[in-house]
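A.B. asks: If you scroll down you'll find the structure; I have some questions about it.
4 protein chains.
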Amino acid sequence: MIVMGSGATADQIEHVVVRLREAGADARVSHGREATVIGAIGEREALAGLPLEGFPGVERVLPILKPYKLVARELSPDPTVIEVRGRKIGDSFFGLIAGPCTVENREQTLETARAVAAAGATMLRGGAFKPRTSPYTFQGLGLDALELLREAREETGLPIVTELLDPRHVEDVIDVADVVQIGARNMQNFLLLAEVGRIDKPVLLKRGPSASVEELLMAAEYVAKEGNEQIILCERGIKTFESSLRYTLDLGSVAVLKEETHLPVIVDPSHAAGRRALVLPLARAAIAVGANGIMVESHPRPEEALCDAAQQIPADEFGEFAREVAEVVALMGKQVG
Amino acid sequence: MIVMGSGATADQIEHVVVRLREAGADARVSHGREATVIGAIGEREALAGLPLEGFPGVERVLPILKPYKLVARELSPDPTVIEVRGRKIGDSFFGLIAGPCTVENREQTLETARAVAAAGATMLRGGAFKPRTSPYTFQGLGLDALELLREAREETGLPIVTELLDPRHVEDVIDVADVVQIGARNMQNFLLLAEVGRIDKPVLLKRGPSASVEELLMAAEYVAKEGNEQIILCERGIKTFESSLRYTLDLGSVAVLKEETHLPVIVDPSHAAGRRALVLPLARAAIAVGANGIMVESHPRPEEALCDAAQQIPADEFGEFAREVAEVVALMGKQVG
Amino acid sequence: MIVMGSGATADQIEHVVVRLREAGADARVSHGREATVIGAIGEREALAGLPLEGFPGVERVLPILKPYKLVARELSPDPTVIEVRGRKIGDSFFGLIAGPCTVENREQTLETARAVAAAGATMLRGGAFKPRTSPYTFQGLGLDALELLREAREETGLPIVTELLDPRHVEDVIDVADVVQIGARNMQNFLLLAEVGRIDKPVLLKRGPSASVEELLMAAEYVAKEGNEQIILCERGIKTFESSLRYTLDLGSVAVLKEETHLPVIVDPSHAAGRRALVLPLARAAIAVGANGIMVESHPRPEEALCDAAQQIPADEFGEFAREVAEVVALMGKQVG
Amino acid sequence: MIVMGSGATADQIEHVVVRLREAGADARVSHGREATVIGAIGEREALAGLPLEGFPGVERVLPILKPYKLVARELSPDPTVIEVRGRKIGDSFFGLIAGPCTVENREQTLETARAVAAAGATMLRGGAFKPRTSPYTFQGLGLDALELLREAREETGLPIVTELLDPRHVEDVIDVADVVQIGARNMQNFLLLAEVGRIDKPVLLKRGPSASVEELLMAAEYVAKEGNEQIILCERGIKTFESSLRYTLDLGSVAVLKEETHLPVIVDPSHAAGRRALVLPLARAAIAVGANGIMVESHPRPEEALCDAAQQIPADEFGEFAREVAEVVALMGKQVG
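The listed protein sequences derive, respectively, from chains A, B, C and D. Per my numbering, the first sequence starts with residue 8, numbered consecutively. Per my numbering, the second sequence starts with residue 8, numbered consecutively. Per my numbering, the third sequence starts with residue 8, numbered consecutively. Per my numbering, the fourth sequence starts with residue 8, numbered consecutively.
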């Protein structure tokens with residue numbers, strides 16, 4: 008839908024129509040008193056490539072169609088269920104993903120893995136490579152961490168979720184990871200998206216702190232376009248003026264995503280909360296709004312954690328936490344997968 | 008806590024100390040290598056009046072104490088329970104406030120009131136005076152609406168929640184209202200806050216779309232300072248970059264408010280949702296995060312509504328809606344009051 | 008432009024068309040593969056009253072026309088010039104409005120008025136009634152302040168800009184004020200807008216910290232609709248995630264407003280800056296982006312100011328400040344009015 | 008500065024003090040009536056590693072010192088001037104960087120390069136690898152584009168600014184680029200920051216759309232920590248609720264950055280503007296607020312541009328644009344470098 012300004016000439020209108028038809032679109036012109044509107048119907052991809060907003064006389068371009076396709080619910084009305092080593096996420100299967108923010112050492116990793124496995128977690132998360140705001144803070148153990156995660160999986164059976172930061176690490180990470188995480192800061196790192204679009208493991212895609220719901224879906228479309236439609240979306244809080252929490256958890260977006268896409272949508276309440284007392288209420292709310300899973304951080308001794316200490320749930324309290332969230336999962340007619 | 012810049016002179020430091028002591032505060036100076044820090048301990052009110060940030064040499068002023076007092080949980084660790092015509096909100100009593108966005112006519116008002124009463128609502132909401140973004144839209148029936156609300160209360164027994172917009176209407180509004188609402192756009196209309204601080208009816212104070220949690224609590228402090236501590240806080244969505252919903256419902260702030268204040272905190276999911284399909288998931292999430300009530304809009308025939316048509320729940324579906332939310336209320340150990 | 012979802016039935020489409028025609032609009036239906044679009048052409052006011060978004064089958068309503076009319080540049084392509092006691096703002100006339108944040112006492116007011124008059128200011132600003140976030144801070148001298156402003160005008164000849172907070176003060180304020188300010192927090196206090204729409208003095212309307220450009224123009228439309236088109240718009244910073252300044256001064260909006268409306272647009276850099284060292288760079292940028300004036304705060308002894316001490320320019324430095332800004336005014340082809 | 012909650016025990020306070028001392032910091036305890044405050048003085052790096060917020064009893068941690076060091080003005084009070092092939096940016100040298108959004112073909116690239124060179128631009132920008140929100144839009148010519156840029160430099164003498172997206176392209180990009188750009192979406196791609204920290208060419212670091220000023224400076228610190236202090240910072244607009252422009256250009260942040268860092272700060276007005284009519288006013292404002300340069304997009308025939316068509320300045324109008332901005336540069340006491 009192209010709106011021509013009130014001062015647009017007949018030539019300018021004709022010019023737009025000609026270019027639309029060249030691009031294979033059907034163009035219909037409606038003349039109003041204050042504006043002329045051109046409706047264009049054609050292939051999304053062809054129209055997306057036309058720089059209509061730069062044409063003389065054009066005031067605004069209002070897209071009617073959504074810019075994503077493969078990830079849209081229209082294409083696939085049935086919800087996608089992703090299965091990893093026997094654990095499921097999607098539709099009525101709820102994923103409880105837990106583990107340390109960062110893999111720090113063998114003892115911390117195994118201790119946490121055992122605690123969350125015993126409490127009923129369905130996957131183990133743990134950071135090997137950590138993007139940190141300050142260059143003076145701990146950046147993760149790197150490849151060594153991957154070995155510790157492998158060991159934790161062997162002992163507990165929990166599939167591993169870990170973040171891929173660097174396209175040069177794809178081989179190493181997928182050698183261990185069962186689900187490859189793309190972190191919030193890399194949501195629009197399109198080359199990384201293309202890389203994980205070509206692997207055959209599920210991708211957990213976190214929403215960037217300033218990404219719109221549509222941008223998140225477009226990022227998922229990048230992955231899907233390369234052939235990998237095993238994508239789990241994750242809301243983790245956006246940046247707003249409010250500073251009483253670290254991020255504003257946008258649970259309304261979860262409800263919108265459930266309408267817009269067939270992909271499973273989970274929530275990470277830990278980063279938004281920033282403090283462990285807020286993790287449980289936010290987790291409950293995430294489940295109640297319709298999330299297909301949550302991802303939370305846990306540590307045997309949070310006060311010694313090298314990263315995000317304040318928000319990690321003590322491993323020995325994780326069982327109680329899991330029981331509380333399971334009640335809401337059941338109320339929502341889902342089962343921990 | 009006053010941070011003096013690295014270039015602050017001894018005179019400038021001394022000057023701050025003298026002014027603090029004049030204001031009755033105790034001032035202690037710590038000299039660091041890169042900054043000098045002055046700790047001031049004194050009456051919040053006295054210190055708030057000192058323009059410390061304008062003093063020469065001062066780099067930053069970091070307040071340690073919260074700027075609110077009467078509404079703070081520290082002052083009153085027990086949660087406030089507000090009772091209106093036998094209905095309660097606060098602590099374990101959950102308020103289900105429902106009704107039309109705007110009172111349009113007798114039939115619509117009574118029909119909605121009957122439906123929400125039958126479904127178990129605890130209060131009836133309805134706008135008599137409507138603040139609207141455009142001067143070309145319906146602005147409410149005004150005083151006539153108050154009479155219709157009174158009639159609805161007589162028939163259903165439900166206490167009335169309605170908004171006060173104009174300080175010249177205080178008498179008229181409190182003559183009918185059981186709970187006086189201060190709308191989001193008036194959250195920092197301090198003269199209106201002072202007016203309702205002097206009445207003896209509960210106040211429902213909605214958070215402004217760009218107000219921080221602290222500013223909301225300060226607005227409540229304005230009301231409390233005048234003597235009225237019967238205040239219900241209401242989260243209804245904030246303005247952010249995200250546009251897939253009308254507002255970003257900030258449920259994290261509800262969890263923070265429950266920590267910070269003894270006042271009941273409710274949520275209005277309708278305005279944030281903007282569409283009725285999203286009202287139920289947001290309402291569930293609000294309850295799960297710990298809200299003491301919700302306020303939702305309902306209309307016998309939403310498509311004929313003169314205001315916010317898209318987000319109103321059809322009156323004949325309200326019973327089902329109420330049953331769904333009641334399950335979450337029960338799970339959270341609360342009872343519909 | 009009404010977009011019907013892909014599942015909309017022929018009846019639902021017909022229903023929308025019928026309602027549009029009842030409202031006097033011309034409706035044209037275009038059937039696409041993925042959506043049906045109904046174009047409605049009619050009176051803005053009639054269409055604004057139709058709750059189209061609530062109709063069954065409707066997915067989205069995309070307005071083509073701007074919702075404001077009287078303040079739109081289309082209606083009046085020549086820029087409005089507002090004249091007050093011989094001083095002009097608008098088109099090539101630049102307004103330099105200065106004075107204390109708040110009128111504190113006679114000496115401070117007169118001293119500041121003399122300094123800014125001597126430096127070439129064209130109007131004197133000063134707050135009589137102050138909206139303050141905390142109830143424990145100074146709220147202004149009220150009616151006494153108005154008398155001091157009147158005295159300052161008598162001595163300096165500068166027209167007075169002062170804020171109206173309470174509809175019950177209209178008479179008192181317009182008795183003294185030459186320009187009536189509506190503060191940022193009251194930008195959507197529609198009853199106050201209607202009040203100043205009925206007076207015959209210019210109105211200075213500040214943008215709310217979370218108001219969009221369109222909402223600001225709609226607020227101006229409220230004033231204009233009542234008959235008063237002497238409106239000066241003022242950008243003063245919006246709320247964003249960035250906290251290094253008090254507000255994010257949105258100078259891009261000034262450029263947009265200059266396109267959208269014939270009304271003069273000024274900028275208040277003091278509140279956004281929050282510190283006096285930033286006032287000059289922001290003032291320069293405001294002029295360079297095309298503002299028709301600036302409004303800044305000045306005080307004889309900022310460190311004793313009862314309000315916003317950190318951002319006030321010392322009165323004895325105001326002459327230098329005025330010289331600096333005058334250079335940019337001249338470069339932009341404007342003259343201090 | 009660590010604030011212990013009012014309920015903190017003596018043991019908890021002692022525990023914090025012990026851990027601080029273990030980390031080599033000096034800790035001083037002040038007991039107030041409502042809170043206990045512990046002041047810690049020590050090495051920034053050591054303190055940054057302590058998870059103080061996770062300790063029992065700790066309510067808040069208020070950092071007094073800035074978390075960046077190498078890029079801070081304190082460390083190097085003289086402004087950094089960066090020289091590239093005889094062109095300078097920083098202090099009184101103003102950089103005028105112009106060129107196409109994306110390198111599309113030989114003719115477009117050379118034609119634009121000639122036009123901007125003739126108009127007095129000091130560097131040529133051009134994208135070889137383009138991060139695009141949609142996978143269905145043009146992603147850049149890649150390595151071929153680099154050759155075209157090399158040819159444009161040979162003909163015009165203008166140094167080349169181009170973006171590095173992929174750590175695997177470092178060699179290829181620095182083989183041609185004179186200044187390596189890190190795009191807004193990669194501002195917190197820490198591995199890319201580390202890569203460009205190890206090269207010996209200047210880095211142009213764009214602020215992320217949701218990055219705070221402090222986060223931008225921390226990103227620069229990542230580069231500097233690896234040894235490369237030739238960094239140009241670039242403001243290009245942030246995400247806010249306002250949608251009348253593509254981004255909200257945060258010119259206040261430029262004024263803050265000029266205080267905080269010795270690095271040159273430039274502004275890209277094109278992306279925020281989104282439309283070419285707004286580029287000139289925003290460019291003027293950027294210069295007036297104190298920027299050390301601007302970066303703008305130009306194209307021989309914008310309506311045929313494959314990327315950001317609406318905001319590119321036609322190459323044949325660039326001379327006039329350059330004359331307009333040069334006047335503001337001169338007024339600010341700078342010279343086009």
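Where a beta carbon is used, it is the ideal one built from N, C-alpha and C, also for glycine. These numbers were taken from a predicted model, which means no experiment stands behind them.
Quick one: give me the first and last residue of the beta strand (DSSP E) that residue 240 (chain C) is part of.
C.D. replies: Per DSSP, residue 240 (chain C) belongs to the beta strand (DSSP E) from 238-242.
A.B. asks: Name the residue from B:288, B:12, B:156 and B:190 whose alpha carbon lies nearest to the alpha carbon of residue 165 (chain B).
C.D. replies: That would be B:156, whose Cα lies nearest to the Cα of residue 165 (chain B).
A.B. asks: Quick one: which chain B residues come within Cβ less than 7 Å of residue 246 (chain D)?
C.D. replies: Neighbours of residue 246 (chain D) on chain B, chain order: 248.
A.B. asks: Of all the residues that make up the region 286-303 of chain D, which are near chain C by a beta-carbon distance shorter than 8 Å?
C.D. replies: Per Cβ criterion, the list reads 288, 289, 291, 292, 293, 294, 295, 296 and 297.
A.B. asks: Whole angstroms are fine: how far does the CA of residue 20 (chain B) sit from the CA of residue 192 (chain D)?
C.D. replies: Rounded to the nearest angstrom, the two C-alpha atoms are 43 Å apart.
A.B. asks: According to DSSP, residue 169 (chain D) sits in a beta bridge with which residue or residues?
C.D. replies: Per DSSP, D:187.
A.B. asks: Just verifying my parser: in three-state terms, what is the DSSP assignment at residue 307 (chain C)?
C.D. replies: Residue 307 (chain C): coil per DSSP, three-state reduction.
A.B. asks: Going along the chain, which residues of the region 212-243 of chain B sit with their C-beta nearer than 7 Å to a C-beta in chain C?
C.D. replies: From the region 212-243 of chain B, only 216, 217, 222, 225, 228, 229 and 232 have a Cβ closer than 7 Å to chain C.
A.B. asks: Confirm, please, whether the CB-CB distance from residue 264 (chain A) to residue 258 (chain B) is below 8 Å.
C.D. replies: Going by C-beta atoms, residue 258 (chain B) is not nearer than 8 Å to residue 264 (chain A).
A.B. asks: Let me make sure I understand the geometry here. Which of C:26, C:270 and C:328 has the alpha-carbon closest to that of residue 97 (chain C)?
C.D. replies: Selected option, being the one with the closest Cα: C:270.
A.B. asks: If you run the structure through DSSP and keep just helix, strand and coil, what is residue 328 (chain C)?
C.D. replies: It is helical.
A.B. asks: By the criterion of Cβ-Cβ separation under 8 Å, what are the contact partners of residue 312 (chain B) in chain C?
C.D. replies: The contacting residues are 58 and 61.
A.B. asks: So what does DSSP say about residue 64 (chain B), is it helix, strand or coil?
C.D. replies: In the structure shown, residue 64 (chain B) sits in coil (DSSP, three-state: anything other than H, G, I, E or B).
A.B. asks: Starting from the N-terminal side, write out each stretch of the beta strand (DSSP E) that is 3 residues or longer and does not extend beyond the region 135-171 of chain B.
C.D. replies: Qualifying beta strand (DSSP E) stretches, in chain order: 167-170.
A.B. asks: Verify the contact flag: residue 125 (chain A), CB atom, against every heavy atom of the ligand ZN, threshold strictly below 7 Å.
C.D. replies: By its list of ligands, the structure shown contains no ligand whatsoever, and the ligand ZN lies outside what it can speak to.
A.B. asks: On a CA-only basis, which of B:100, B:118 and B:204 is nearest residue 294 (chain B)? Give me that one, please.
C.D. replies: Nearest of B:100, B:118 and B:204 to residue 294 (chain B), Cα basis: B:100.
A.B. asks: Quick check on residue 48 (chain B) - is its C-beta less than 8 Å from some C-beta in chain D?
C.D. replies: Yes, residue 48 (chain B) counts as interfacial toward chain D.
A.B. asks: Determine whether the beta carbon atoms of residue 129 (chain A) and residue 104 (chain A) lie at a separation below 8 Å.
C.D. replies: In contact: residue 129 (chain A) and residue 104 (chain A) (Cβ atoms closer than 8 Å).
A.B. asks: Are residue 285 (chain D) and residue 15 (chain C) close, meaning C-beta to C-beta below 8 Å?
C.D. replies: The answer is no: Cβ separation not under 8 Å.
A.B. asks: Determine whether the beta carbon atoms of residue 233 (chain B) and residue 204 (chain B) lie at a separation below 8 Å.
C.D. replies: Their beta carbons are under 8 Å apart, which means residue 233 (chain B) touches residue 204 (chain B) by this criterion.
A.B. asks: Report yes or no: do three or more beta-carbon pairs, one from the region 244-253 of chain C and one from the region 239-257 of chain A, lie closer than 8 Å?
C.D. replies: Yes: at least three Cβ pairs fall under 8 Å.
A.B. asks: Do three or more CB pairs link the region 306-320 of chain C to the region 105-114 of chain C at distances below 8 Å?
C.D. replies: The answer is yes - the region 105-114 of chain C touches the region 306-320 of chain C, with three or more Cβ pairs under 8 Å.
A.B. asks: Output, in sequence order along the chain, the residues in the region 323-339 of chain A whose CB is closer than 7 Å to any CB in chain B.
C.D. replies: Answer set for the region 323-339 of chain A: 334, 335 and 338.
A.B. asks: In whole angstroms, what is the alpha-carbon distance linking residue 213 (chain A) and residue 277 (chain C)?
C.D. replies: In a straight line, the C-alpha of residue 213 (chain A) is about 39 Å away from that of residue 277 (chain C).
A.B. asks: Count the other CB atoms within 10 Å of the CB of residue 112 (chain C); is the residue buried (16 or more) or exposed (fewer)?
C.D. replies: When all chains shown are included, residue 112 (chain C) counts as exposed.
A.B. asks: For the region 170-185 of chain C, which residues have a beta carbon sitting closer than 7 Å to at least one beta carbon of chain B?
C.D. replies: Of all residues in the region 170-185 of chain C, 172, 173, 174 and 175 have a Cβ within less than 7 Å of some Cβ in chain B.
A.B. asks: Does the distance from the CB of residue 199 (chain C) to the CB of residue 174 (chain C) come in under 8 Å?
C.D. replies: The answer is yes: Cβ separation under 8 Å.
A.B. asks: Give me the Cα-Cα distance between residue 301 (chain B) and residue 254 (chain B), rounded to the nearest whole angstrom.
C.D. replies: Looking at the two C-alpha atoms, the distance is approximately 16 Å.
A.B. asks: Using 8 Å for Cβ pairs, my map puts residue 313 (chain A) next to residue 268 (chain A). What's the rounded Cβ distance?
C.D. replies: That pair is no contact at about 35 Å.
A.B. asks: By the DSSP assignment, the beta strand (DSSP E) with residue 101 (chain D) in it spans what residues?
C.D. replies: Run containing residue 101 (chain D): 100-106, per the beta strand (DSSP E) assignment.
A.B. asks: Could you name the residues of chain A that residue 81 (chain C) contacts, counting a contact when the two beta carbons are closer than 7 Å?
C.D. replies: What residue 81 (chain C) touches in chain A: 13.
A.B. asks: What does residue 257 (chain A) touch in chain B if you count any residue whose Cβ is under 7 Å from its own?
C.D. replies: Simply 249 and 255.
A.B. asks: For residue 127 (chain D), tell me which candidate among D:338, D:339, D:334 and D:340 has the shortest Cα-Cα distance.
C.D. replies: Per the Cα distances, D:334.
A.B. asks: Roughly how many whole angstroms lie between the Cα atoms of residue 67 (chain B) and residue 236 (chain D)?
C.D. replies: C-alpha separation (whole angstroms): 28 Å.
A.B. asks: Keeping to the same chain, check which residues put their C-beta closer than 6 Å to that of residue 256 (chain D); ignore five residues upstream and five downstream.
C.D. replies: Excluding positions up to five away in sequence, the list reads 244, 279 and 289.
A.B. asks: Return the chain-ordered list of same chain residues with a C-beta closer than 7 Å to the C-beta of residue 65 (chain A), the five sequence neighbours on each side being excluded.
C.D. replies: Cβ within range, chain order: 9, 11, 23 and 59.
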